[in-house]
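One structure is given below, encoded as structure tokens.
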Amino acid sequence: MQRLSRTTILLLTAGCFLAFFVFGLTDNLKGPTLPVMIQEMNITYGTGGNIFFGQYLGFLIATLFTGLLADRFGLKSVILLAGILLMLGAGGYSTFQTTWLLAASLFILGLGLGALELGPNALIVSVHHERKGLFLNLMSVFHGLGSMLAPLAAGWLLNADVFWRTIYRWDLLLILAFFIYFVFIRFPQKESQEHETLDLKQLSKVAFKPSLIWFYISIALYVAVEIGIASWMVTFLQKEQSLSVTASTRALTIFFGTLMLGRFVGGFIVHRIGYLRSILFASLASVVCIAVGLFGPAELSYFLPLTGLFFSIIFPTITAAVSDTHTENVNSILGMLFTCAGLGGMFGPWIIGWASDAIGLRAGFSVNLIFALLMTAAILVLVKGRRHDSTSA
Numbered sequence: 005m006q007r008l009s010r011t012t013i014l015l016l017t018a019g020c021f022l023a024f025f026v027f028g029l030t031d032n033l034k035g036p037t038l039p040v041m042i043q044e045m046n047i048t049y050g051t052g053g054n055i056f057f058g059q060y061l062g063f064l065i066a067t068l069f070t071g072l073l074a075d076r077f078g079l080k081s082v083i084l085l086a087g088i089l090l091m092l093g094a095g096g097y098s099t100f101q102t103t104w105l106l107a108a109s110l111f112i113l114g115l116g117l118g119a120l121e122l123g124p125n126a127l128i129v130s131v132h133h134e135r136k137g138l139f140l141n142l143m144s145v146f147h148g149l150g151s152m153l154a155p156l157a158a159g160w161l162l163n164a165d166v167f168w169r170t171i172y173r174w175d176l177l178l179i180l181a182f183f184i185y186f187v188f189i190r191f192p193q194k195e196s197q198e199h200e201t202l203d204l205k206q207l208s209k210v211a212f213k214p215s216l217i218w219f220y221i222s223i224a225l226y227v228a229v230e231i232g233i234a235s236w237m238v239t240f241l242q243k244e245q246s247l248s249v250t251a252s253t254r255a256l257t258i259f260f261g262t263l264m265l266g267r268f269v270g271g272f273i274v275h276r277i278g279y280l281r282s283i284l285f286a287s288l289a290s291v292v293c294i295a296v297g298l299f300g301p302a303e304l305s306y307f308l309p310l311t312g313l314f315f316s317i318i319f320p321t322i323t324a325a326v327s328d329t330h331t332e333n334v335n336s337i338l339g340m341l342f343t344c345a346g347l348g349g350m351f352g353p354w355i356i357g358w359a360s361d362a363i364g365l366r367a368g369f370s371v372n373l374i375f376a377l378l379m380t381a382a383i384l385v386l387v388k389g390r391r392h393d394s395t396s397a
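Going by my numbering, the sequence shown opens with residue 5, and the numbers climb by one from there.
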């Protein structure tokens, strides 16, 4: 990559931060609006899970292909495509009246979010290669800020009798602003002219190395539990813990607020502790918080949103650790990583929805604890593998 001026680096970094703010806000409007959507449509929890399934199916498909598109056409094309898809998806979800059209709209929205997941992450890795762990976590702070404001704003608007569809229409203005910014921002020369040669046979060998497979499993389980909690916590707290709309949406705000705070602080310390050790500590602590919030006394239910503090560093730090393994076709490798994240996001809330119908909302929501335990086990395998490699060397 060409040497960039400080101004170019600043503009690109600011654009990535804006993109992730839009990502967090748009992605997390669905949780606080879910109860009123279910009530309006007169559908079951399982059907609500099916609608969410559409979003993460789209996310999965986008991450599967956008890494290849980025290596071929450049990151700017992928980011602009994300903006178009987000506008189409949010517009449809705020308009259509049938469940399958709502699911289709979230599918398109998911395509946009998947493209947006890959684009800014890969751009930060390329622009801030030496300090990518720090800047990936700082970028995720803006995702946390958007995610925190989503339930806060949605709860306030719902209490003011604003229709849930109108909330998504307001979001379209923010998506449009993000899109216009990236239309005019100039990307590094490599993004438009000097693309890497794709050797799919070699890429498949690299992308499915045993160590990378455990990273894929870890991030899939992480996203399953994060999205599972974010999507169903408001409903769980209202129906099982008898919290009000204000209190339950405030809990989701705390969840994303602690995500944001943890990423801000964590960005400065993960490189000192080490990527894998940081992730292992965070996963263990999140298991404790989920278990206490689920099975402790009612007054300890706020341990559930506090999991955000420990979740905060996991996704960006896994991304940084994986990008350390290879420098060639990194966009495609990150695309595979985010594809696995999409699998977790697709199946996590869907499984919780159907489990809640089958065995009750409390038991269904407890599936999050199973996801967290399995994630911790996968990360432990990575840590032990890294220690074995160090000993062998």
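Built from N, CA and C at the ideal position, the CB exists for glycine as well.
Just so you know, these numbers come straight off a predicted model, no measurement behind them.
Between the Cα of residue i and those of the options, spot the shortest distance and give me the residue it belongs to.
{"i": "L153", "options": "G357, A66, A234", "result": "A234"}
{"i": "T102", "options": "F369, L138, E44", "result": "E44"}
{"i": "L365", "options": "R254, M237, S316", "result": "M237"}
{"i": "V26", "options": "G271, S360, I179", "result": "I179"}
{"i": "N141", "options": "L161, M41, L177, G271", "result": "G271"}
{"i": "F219", "options": "Q245, Y279, F146, G116", "result": "Y279"}
{"i": "G71", "options": "L127, R10, G368", "result": "L127"}
{"i": "V334", "options": "H133, L117, I355", "result": "H133"}
{"i": "E121", "options": "L138, A107, K80", "result": "K80"}
{"i": "N32", "options": "D361, I171, I65", "result": "I171"}
{"i": "A381", "options": "S290, V274, M91, I55", "result": "S290"}
{"i": "A158", "options": "L92, T30, G118, V274", "result": "T30"}
{"i": "K136", "options": "M379, I383, S327, M340", "result": "S327"}
{"i": "F319", "options": "L115, L156, L162, I383", "result": "I383"}
{"i": "W160", "options": "V385, T250, L284", "result": "T250"}
{"i": "R254", "options": "Q242, T262, L156, G346", "result": "L156"}
{"i": "L162", "options": "P36, L84, L241, G96", "result": "P36"}
{"i": "G118", "options": "L247, C344, L241", "result": "C344"}
Residue i: buried (16+ other C-beta within 10 angstroms of its C-beta) or exposed?
{"i": "E195", "result": "Because the pLDDT at E195 is just 45, under 50, the model does not fix this residue reliably, and the point stays unresolved."}
{"i": "E198", "result": "Low confidence applies to E198: its pLDDT is 45, below 50, so where it sits in the model is not reliable, and the reading given next is rough at best. So E198 counts as exposed."}
{"i": "T11", "result": "exposed"}
{"i": "R276", "result": "exposed"}
{"i": "D75", "result": "buried"}
{"i": "S287", "result": "buried"}
{"i": "K213", "result": "exposed"}
{"i": "W104", "result": "exposed"}
{"i": "E478", "result": "The question about residue 478 has no answer, for the chain in this structure spans 5 to 397."}
{"i": "D175", "result": "buried"}
{"i": "M267", "result": "What sits at residue 267 in the sequence shown is Arg, not Met. R267 should be labelled buried."}
{"i": "S370", "result": "buried"}
{"i": "L177", "result": "exposed"}
{"i": "G300", "result": "exposed"}
{"i": "S144", "result": "buried"}
{"i": "T67", "result": "buried"}
{"i": "T99", "result": "exposed"}
{"i": "G187", "result": "Residue identity check: residue 187 is Val in the sequence provided, not Gly. The residue is exposed, with fewer than 16 neighbouring Cβ atoms inside 10 Å."}
{"i": "R281", "result": "exposed"}
{"i": "L138", "result": "buried"}
{"i": "K34", "result": "buried"}
{"i": "A367", "result": "exposed"}
{"i": "I363", "result": "exposed"}
{"i": "A181", "result": "exposed"}
My guess is that residue i and residue j are in contact by the Cβ rule of under 8 Å, so how many angstroms apart are they, rounded?
{"i": "F24", "j": "P124", "result": "6 Å"}
{"i": "M264", "j": "G148", "result": "3 Å"}
{"i": "Y185", "j": "G19", "result": "6 Å"}
{"i": "G52", "j": "A107", "result": "Contact flag wrong, Cβ pair sits at about 10 Å."}
{"i": "G348", "j": "I223", "result": "7 Å"}
{"i": "F56", "j": "W354", "result": "6 Å"}
{"i": "I294", "j": "L308", "result": "7 Å"}
{"i": "M350", "j": "Y226", "result": "The Cβ separation is near 14 Å, so there is no contact."}
{"i": "I283", "j": "T323", "result": "Not quite, the Cβ-Cβ distance comes to about 11 Å (not below 8 Å), so this is no contact."}
Using a threshold of 7 Å, is the CB atom of residue i nearer than that to any non-hydrogen atom of the ligand GDP?
{"i": "V292", "result": "By its list of ligands, the structure shown contains no ligand whatsoever, and the ligand GDP lies outside what it can speak to."}
Exercise for the section: Mind listing, in chain order, the continuous alpha helix (DSSP H) runs of no fewer than 4 residues lying wholly within the region 247-322? Expected result: 249-270, 274-277, 279-299, 307-315
Problem - beta strand (DSSP E) segments (min. 3 residues) lying fully within the region 78-162 - result: none
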